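**Student:**
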Amino acid sequence: MKAWQHFKTITHHRWEVRRGCFKVGLYWQGLTHDLSKYSPTEFRVGARYYQGTFSPNSAERMEKGYSESWMHHKGRNRHHWEYWTDLSLVSHHYEPVPMPRKYLVEMVMDRIAACKIYQGDRYTDGSALEYLHKGKERVRMHPKTLRELDYLLSMLRDSGEDYTFRHIKDHVLQGRPFPWETEE
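If you want it as structure tokens, here you go:
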């Protein structure tokens, strides 16, 4: 039963991301988003730890101290900022690098969809921004990526999905500068 529930959840999540990606013109990313979740490495963990209210990877991490499923997932899906880390020639440590815009946009769609799935009727256009601000990931994310993500999720909260998606399609994905990039 948990396997079926997990299958329905990830399929619904992919549908929500696909809907958003298609609205902004990211068709290939909409079609291929999170396909690794159906792989044995990720699906078995998802089915075993499924609760329906938060990520099974978190439950696996609580039990084992790490999530093999998450490590598999983040290494195959470019819409996660964790994918965009590399060994710095200066510090000799792994550090984040800025995300290309099409993956930044897919990350926005992913966060919106995850909040819709896990929050259900409690979802608002501010949910993804609130989740970002509550999390510790922003300390590790590249500052440029964080600023762009925060800007787009703030726009979503303040102006709604239609306006934000139109802005993403007409400005962000067209390579137009963010407001602070035109400041002198």
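Under our numbering, read the sequence shown as residues 238 to 421, first letter to last.
Backbone N, C-alpha and C fix where the C-beta goes; we use that ideal spot for every residue, glycine too.
Model, not experiment: these values are computed from the prediction.
#1: Where does H250 land, buried or exposed, given buried means 16+ other C-beta within 10 angstroms?
#2: Okay, do the segment 355-370 and the segment 263-275 touch, 3+ Cβ pairs below 8 angstroms being the bar?
#3: Kindly identify the DSSP beta-bridge partner or partners of E332.
#4: Are the beta-carbon atoms belonging to P333 and H370 less than 7 angstroms from one another?
#5: Is it the case that the Cβ atoms of Q356 and Y287 are separated by a distance below 7 angstroms?
#6: Reducing DSSP to helix, strand and coil, say where R255 ends up.
#7: Return helix, strand or coil for D395, following the three-state DSSP convention.
#8: Consult DSSP for F402 and reduce its assignment to one of helix, strand or coil.
#9: Does DSSP put S273 in a helix, in a strand, or in coil?
#10: Does the beta-carbon of A240 have 16 or more other beta-carbons within 10 angstroms, so that it is buried, or is it exposed?
#11: Does the Cβ of M299 have 16 or more other Cβ atoms within 10 Å, making it buried, or fewer, making it exposed?
#12: Ignore the nearest five residues each way along the sequence and tell me which others in K311's own chain have a CB closer than 7 angstroms to its CB.
#13: What is the DSSP secondary structure of L382, reduced to helix, strand or coil?
#14: In angstroms with no decimal places, state the Cα-to-Cα distance between Q411 and V327.
#15: Assign A308 to one of two classes, buried (16 or more other C-beta atoms within 10 Å of its C-beta) or exposed (fewer than that).
#16: Contact check, M335 vs K381 under 8 angstroms by CB: the rounded distance?
#17: How many angstroms separate the CA atom of E398 from the CA atom of Y275?
#18: Would you mind working out which of T278, L383, E305 and A351 sits nearest G257, comparing C-alpha positions?
#19: Using 8 angstroms for Cβ pairs, my map puts L341 next to L272. What's the rounded Cβ distance?
**Tutor:** Let me lay it out:
#1: The residue given as residue 250 occupies position 13 in the sequence shown. With 16 or more neighbouring CB atoms inside 10 Å of its own CB, H250 falls in the buried class.
#2: The segment 355-370, when compared against the segment 263-275, does not touch it at the 8 angstroms Cβ threshold.
#3: Stepping through the sequence shown from its first residue, residue 332 is reached at position 95. Residue pairing by DSSP puts E332 in a beta bridge opposite D323.
#4: Here the question's residue 333 lines up with position 96 in the sequence shown. Here the question's residue 370 lines up with position 133 in the sequence shown. It is not a contact, given that the beta carbons lie outside the stated cut-off.
#5: What you label residue 356 is simply residue 119 of the sequence shown in a count that begins at 1. What you label residue 287 is simply residue 50 of the sequence shown in a count that begins at 1. No, the Cβ-Cβ distance between Q356 and Y287 is not below 7 angstroms.
#6: Within the sequence shown, residue 255 is the residue found at index 18, counting from 1. Secondary structure of R255 (DSSP, three-state): helix.
#7: Translated into positions along the sequence shown, residue 395 becomes position 158. Three-state DSSP puts D395 in a helix.
#8: Counting from one through the sequence shown, the residue named residue 402 turns up at place 165. The three-state secondary structure of F402, taken from DSSP, is helix.
#9: Residue mapping note: residue 273 aligns to position 36 of the sequence shown, counting from 1. Taken through DSSP and simplified to helix, strand or coil, S273 comes out as helix.
#10: The sequence position of residue 240 within the sequence shown is 3, counting from 1. Only exposed fits A240, as fewer than 16 other CB atoms lie within 10 angstroms of its CB.
#11: To locate residue 299, count along the sequence shown from 1; it is residue 62. Around the beta-carbon of M299, fewer than 16 other beta-carbon atoms lie within 10 Å, marking it exposed.
#12: As a first step, residue 311 is located in the sequence shown; it is residue number 74 there, counting from the start. Once the five neighbours on either side are set aside, the close Cβ partners of K311 are H317, E319 and Y320.
#13: Counting from 1 along the sequence shown, the entry for residue 382 is found at position 145. Inspection of the sequence shows that residue 382 is occupied by Thr rather than by Leu. If DSSP states are grouped into helix, strand and coil, T382 belongs with the helices.
#14: Here residue 411 corresponds to residue number 174 of the sequence shown, with the count starting at 1. Here residue 327 corresponds to residue number 90 of the sequence shown, with the count starting at 1. Answer to the nearest angstrom: the Cα atoms are 32 angstroms apart.
#15: Position 71 of the sequence shown holds residue 308. In the sequence on display, residue 308 carries Met and not Ala. Flag for M308 reads exposed.
#16: Translated into the one-based positions of the sequence shown, residue 335 becomes position 98. Translated into the one-based positions of the sequence shown, residue 381 becomes position 144. Here residue 335 turns out to be Pro, not Met, going by the sequence shown. Under the criterion of beta carbons closer than 8 angstroms, P335 and K381 qualify as touching, at roughly 4 angstroms.
#17: Here the question's residue 398 lines up with position 161 in the sequence shown. Here the question's residue 275 lines up with position 38 in the sequence shown. Roughly 28 angstroms separates the two Cα atoms.
#18: Counting from one through the sequence shown, the residue named residue 257 turns up at place 20. The candidate whose alpha carbon is nearest that of G257 is A351.
#19: Counting from 1 along the sequence shown, the entry for residue 341 is found at position 104. Counting from 1 along the sequence shown, the entry for residue 272 is found at position 35. Not a contact, Cβ separation roughly 20 angstroms.
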